[in-house]
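Q:
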Amino acid sequence: MRFLVRRFLFYLVAAYVAITLNFFLPRLMVGDPVQVMFSKFQGRMDPRAVESLKETFGFVDAPVHEQYFTYLKHLVKGDLGISLTNFPVPVSEVISGSLEWTLRLVGIATIFAFSIGMILGTIAAWRRGKFVDTLILPIASILAAFPYFWIAMLALYYLAHIQGWFPIGHGYNLRLKEDWGDRAYVSSVIEHGMLPMLTVVITALGGWMLGMRNNMINVLAEDYITLAQAKGLSDRRVMLVYAARNAILPSLTGFAMSLGFVIGGALIVEIVFAYPGMGFTLLNSVNGRDYPLMQGIFLMITLSVLAANFFADVIYVLLDPRAR
Amino acid sequence: MSSTPSQPGQPAESTTLLSVQDLQVEYRTRRGAVKAVDHVSFDVSKNEVFGLAGESGCGKSTAAHAIIRILKPPAYITGGKVMFMGHDVRQMNDMELRRFRWRHVAIVFQSAMNALNPVLSVGNQIKDVLRAHTNMKPDETHERALELLRVVGIDTKRLGSYPHQLSGGMRQRAVIAIALALNPEMVIMDEPTTALDVVVQKQILQEIRQLKDEFGFSILFITHDLSLLVEFSDRIGIMYAGELVETAPSQEIFNSPRHPYTHRLMNSFPTIWGARQELLGIPGSPPDLITPPSGCRFHPRCELALADGTCKQVRPMLIDVSSKHRAACHLVEQQLAVQKETVP
Ligand SMILES: Nc1ncnc2c1ncn2[C@@H]1O[C@H](COP(=O)(O)OP(=O)(O)OP(=O)(O)O)[C@@H](O)[C@H]1O
Ligand SMILES: [Mg+2]
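Below is the structure:
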């Protein structure tokens, strides 16, 4: 318990540092980015957008500490400024709009990939050298080594374009209205999500599986496994409670980290499939030099990675008595 | 302090519990087959403590693991028989093996430190063996677990403790508690106290002795510390390079070891309760078990090796020195032959 409290305080401090950096970094930029951008937009920029930019970069007539407190106050209220590319929609709204898609797609895919990877890794190690293992191992190694934009493009080209089994791009059929009460809309969301999700699961799966297999093989060589077998326990209990339970521990941190990065979206997959998630939005914000939006997204990613790390600590404490 | 060992508890009954006959085990490595156990035979009787001693790497653990068939590849039993209470262990199928292990023979590992699952409480590791073998209800397994902790001298409050919260001595006791859970006829103890300091070591050995007298199980006790074994066991077998070279009652091993290797081994350790002796040590190092020396495996290190080359060429058999004392040495063979001639 004391360990968790200590960790929590640590992450709180880290979050505060991240938030503060987020405030100061744009202010440390040399030159006058606002002017540069203003000229880039060639006067087509709304004056209110200019105000928003100025606030972001600190070109306001107020002492820094006052700006800082205003920034913090806005942040608490969830006000991250106004998006330039989606003007006048606030950054927070843009983010929550795409976050929903990303959480669904990448979140579910990450959990799937991890669970399936752990299960396959456990089985492969348990039946090391047997048929299942010799079947899974090369497949997993190849998948883990594949560049994943390549799988994404291959899937898009072959399964969607040539075979026409899946729709090409977007989160749902654009002719439908966003309405979760509408059966057609829901099934369209599922249809559109299949291929990107498959891509994410397949590319992440191999790594998880190989990692788990390795850890399992190490654990299986431990004396407590031999003792458990000599005790006459059932294979299932030895495999799950004695072996897998110990072997999964090193993978947990990685899993929590990838959960944290879910918020950042699956950049390439979202781009390839034109999926309206965070990755896609981030790309748009970079292309459109939408600094407030970029800043908002980075802040979200940082905070969620911290939260995920804390989550990892909690799981660790639950599963490993030595961490208590 | 006297340097003679204490009298072993009670004379062993003559009923044979475990009979190992010509056991052969090899590790199939890329370099070749490591003949870790080669034609080893010995019996252990009911209520007896049989000690197995020898230098590190001579195949003691391998033999023990082969007896309850927990060897994993690349180790393979390539020959011989293991009979336990009349049952052929090598012929058992998985179900029979599962029942045989722990109910009849339990083992305490060499590195008991790593023998406990770090994420399960000690109590659960005792209870799961009860659950696997009996129909006990949860409160019964709980009672039994508490009783076992009491028996091995662990505070019953420790039932919910995890291995890392226990001292080395307590972990060792917990492993012994697990071994005793089903009242087995025999407990194999593979260097159960090597990792502990001398004081705790002595305590635990005494407790094992008491438990043995109370519950009446046999012990196959393995160690490389012969002086300790002489104090602790009824009978002793000496292994060298995968072979059993001498077996005799402890007293006889202590008073009149016949094999030159045993003799050297006796002198290479200070007795823990006895006076310090001059340590002779054993010159040279144990042989490679992939290509062991011809003839007597000890001959390259033996200063008594016969000049006529017999030791180098002919493999000595275990022969009876007396009714309970056997040794595998050409020298002993010659001496016996001479005795026979002079005493017709
Ligand atoms: N996995 C393995 N692969 C190859 N050789 C092995 C393996 N395990 C053990 N051996 C060899 O088998 C022989 C016997 O090993 P074993 O562990 O039975 O010895 P031991 O008498 O118990 O030694 P110690 O006193 O150190 O525990 C050794 O020479 C060792 O090198
Ligand atoms: Mg050993």
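Line by line, the protein sequences give chains F and U.
Those letters in the first sequence? Residues 23 to 346, per this note's numbering, in order.
Those letters in the second sequence? Residues 7 to 350, per this note's numbering, in order.
We treat Cβ as the ideally placed atom computed from N, Cα and C, and that holds for glycine.
1. Please work out which residues of its chain come closer than 7 Å, Cβ to Cβ, to residue 12(U), disregarding the five sequence neighbours upstream and downstream, and give them in chain order.
2. Let me check understanding here. Comparing Cα to Cα, which of 143(U), 215(U), 38(U) lies closest to residue 53(U)?
3. So which of 172(F), 151(F), 83(F) has the shortest CA-CA distance to residue 293(F)?
4. Whose Cβ in chain U lies nearer than 8 Å to the Cβ of residue 268(F)?
5. Does DSSP put residue 81(U) in a helix, in a strand, or in coil?
6. Does residue 42(U) come out as helix, strand or coil in the three-state DSSP assignment?
7. What does the alpha-carbon distance come out to for the pair residue 245(U) and residue 313(U)?
8. List the endpoints of the continuous alpha helix (DSSP H) containing residue 211(U).
9. How would you label residue 131(F), buried or exposed, when you count the other beta carbons within 10 angstroms and need 16 or more for buried?
10. For residue 320(U), would you say it is in contact with chain F, using Cβ-to-Cβ distances shorter than 9 Å as the test?
11. Is the CB of residue 81(U) under 9 Å away from at least one CB in chain F?
12. In chain order, what are the residue ranges of uninterrupted beta strand (DSSP E) at least 3 long that sit wholly in the region 106-130 of chain U?
13. Please name the residues in the region 327-346 of chain F whose beta-carbon is closer than 9 Å to at least one beta-carbon of chain U, in chain order.
14. Answer with buried or exposed for residue 66(U), where buried requires no fewer than 16 other C-beta atoms within 10 angstroms of its C-beta.
15. Taking buried to mean at least 16 other C-beta atoms within 10 Å of its own C-beta, is residue 99(U) buried or exposed?
16. Name, in chain order, the residues that DSSP records as bridge partners for residue 72(U).
17. Excluding the five sequence neighbours on either side, which residues of its own chain have a C-beta within less than 6 Å of the C-beta of residue 136(F), listed in chain order?
18. Give the DSSP-derived three-state secondary structure of residue 47(U) in the structure shown.
19. What do you reckon, is the C-beta of residue 260(F) under 8 Å from a heavy atom of ligand 4?
20. Residues around ligand 2, please: the condition is that the C-beta lies closer than 6 Å to some non-hydrogen atom of it.
21. Checking contacts by CB at 9 Å: is residue 168(U) closer than that to chain F?
22. Rounded to whole angstroms, what is the Cα-Cα separation between residue 148(F) and residue 185(U)?
23. Check the Cβ of residue 135(U) against every Cβ in chain F and list those closer than 8 Å, keeping chain order.
24. Excluding sequence positions up to five away, which residues of its chain have a Cβ less than 8 Å from the Cβ of residue 192(F)?
25. Kindly say whether residue 113(U), judged by its beta-carbon, lies nearer than 9 Å to any beta-carbon of chain F.
26. So within the region 99-172 of chain F, which uninterrupted alpha helix (DSSP H) runs reach at least 4 residues, ignoring any that extend past its ends?
27. Just the chain U side, please: which residues come within less than 7 Å of residue 248(F) by C-beta, in chain order?
28. Specify whether the region 251-259 of chain F and the region 97-111 of chain U touch according to this definition: at least 3 beta carbon pairs, one from each stretch, less than 8 Å apart.
29. Is residue 230(U) close to ligand 1? I mean its beta-carbon at under 8 Å from any heavy atom of the ligand.
30. Rank 252(U), 296(U), 262(U), 330(U) by C-alpha distance to the C-alpha of residue 336(U) and give the top, closest one.
31. So which residues on chain F does residue 139(U) lean against when the C-beta distance must stay under 7 Å?
32. Taking Cβ to Cβ, would you say residue 164(U) is nearer than 9 Å to residue 135(U)?
33. Within a Cβ cutoff of 7 Å, which residues of the same chain sit near residue 260(F), ignoring the five residues on either side of it in sequence?
34. Between which residues of its own chain and residue 266(F) is the CB-CB distance below 6 Å, once the five residues before and five after are set aside?
35. Just how far apart, CA to CA, sit residue 63(U) and residue 292(U)?
36. If you compare alpha carbons, which of 154(U), 169(U), 168(U) is closest to residue 162(U)?
A: According to the data block:
1. Translated into the one-based positions of the second sequence, residue 12(U) becomes position 6. Annotation note: pLDDT 41 at residue 12(U) (below 50); position unreliable, no value reported.
2. Within the second sequence, residue 53(U) is the residue found at index 47, counting from 1. Among 143(U), 215(U), 38(U), the Cα nearest to that of residue 53(U) belongs to 215(U).
3. Against the first sequence, residue 293(F) aligns to sequence position 271. Among 172(F), 151(F), 83(F), the Cα nearest to that of residue 293(F) belongs to 172(F).
4. Walking along the first sequence from the start, residue 268(F) turns up at place 246. Neighbours of residue 268(F) on chain U, chain order: 123, 124, 125.
5. Counted from its first residue, the second sequence places residue 81(U) at position 75. Secondary structure of residue 81(U) (DSSP, three-state): strand.
6. In the second sequence, residue 42(U) corresponds to position 36, counting from 1. Looking at residue 42(U) - three-state DSSP - the assignment turns out to be strand.
7. Translated into the one-based positions of the second sequence, residue 245(U) becomes position 239. Translated into the one-based positions of the second sequence, residue 313(U) becomes position 307. Those two C-alpha atoms are separated by around 24 Å.
8. Here residue 211(U) refers to the residue found at position 205 when the second sequence is read from its first residue. Residues 204-221.
9. Counted from its first residue, the first sequence places residue 131(F) at position 109. By the 10 Å Cβ count, residue 131(F) comes out buried.
10. Along the second sequence, one-based indexing puts residue 320(U) at 314. So no, residue 320(U) is outside the interface.
11. For this step, residue 81(U) is matched to residue 75 along the second sequence. Not an interface residue.
12. 111-114
13. 341, 342, 343, 344, 346
14. Sequence index remark: in the second sequence, residue 66(U) carries index 60 (1-based). Buried, because 16 or more other Cβ atoms sit within 10 Å of the Cβ of residue 66(U).
15. Locating residue 99(U) in the second sequence gives position 93, where the first residue counts as 1. That one is exposed.
16. By one-based count along the second sequence, residue 72(U) stands at place 66. Note: residue 72(U) sits in no beta bridge, so no partner.
17. Taking the first sequence and counting its residues from 1, one reaches residue 136(F) at position 114. Correct list, in chain order: 230, 277.
18. Here residue 47(U) refers to the residue found at position 41 of the second sequence. In this structure, residue 47(U) counts as strand in the three-state DSSP scheme.
19. By its list of ligands, the structure shown excludes ligand 4, since it contains just ligand 1 and ligand 2.
20. After applying the 6 Å Cβ criterion, the set is 66(U), 67(U), 116(U), 196(U).
21. Locating residue 168(U) in the second sequence gives position 162, where the first residue counts as 1. Yes, residue 168(U) lies at the interface with chain F (some Cβ there is under 9 Å from its Cβ).
22. Locating residue 148(F) in the first sequence gives position 126, where the first residue counts as 1. Locating residue 185(U) in the second sequence gives position 179, where the first residue counts as 1. Cα-Cα distance, rounded: 25 Å.
23. Walking along the second sequence from the start, residue 135(U) turns up at place 129. What residue 135(U) touches in chain F: 253, 254, 255.
24. For the purposes of this step, residue 192(F) is identified with residue 170 of the first sequence, where counting begins at 1. Sequence-distant Cβ neighbours of residue 192(F) in its own chain, meaning closer than 8 Å and more than five residues away, are 214, 295, 296, 297, 298.
25. Counted from its first residue, the second sequence places residue 113(U) at position 107. True, the Cβ-Cβ gap to chain F drops below 9 Å.
26. 113-124, 130-148, 153-167
27. Taking the first residue of the first sequence as 1, we reach residue 248(F) at position 226. Neighbours of residue 248(F) on chain U, chain order: 76.
28. yes
29. Numbered from 1 along the second sequence, position 224 holds the residue referred to as residue 230(U). Yes, ligand 1 has a heavy atom inside 8 Å of this Cβ.
30. Your numbering for residue 336(U) matches position 330 in the second sequence. Closest by alpha carbon: 252(U).
31. As a working mapping, residue 139(U) is identified with position 133 in the second sequence. Within 7 Å Cβ-Cβ: 254.
32. Stepping through the second sequence from its first residue, residue 164(U) is reached at position 158. Stepping through the second sequence from its first residue, residue 135(U) is reached at position 129. No, the Cβ-Cβ distance between residue 164(U) and residue 135(U) is not below 9 Å.
33. As a working mapping, residue 260(F) is identified with position 238 in the first sequence. By the criterion of a C-beta distance shorter than 7 Å, residue 260(F) is surrounded in its chain by 247, 250, 251, once the five residues flanking it on both sides are discounted.
34. Counted from its first residue, the first sequence places residue 266(F) at position 244. Non-local beta-carbon contacts of residue 266(F) in its own chain, meaning distances under 6 Å to residues more than five positions away in sequence, involve 144 in chain order.
35. On the second sequence, residue 63(U) is found 57 positions in, with the first residue counted as 1. On the second sequence, residue 292(U) is found 286 positions in, with the first residue counted as 1. Per the coordinates, the alpha-carbon of residue 63(U) lies some 8 Å from the alpha-carbon of residue 292(U).
36. If you number the second sequence from 1, residue 162(U) lands on position 156. When each option's Cα is compared against that of residue 162(U), the closest is 154(U).
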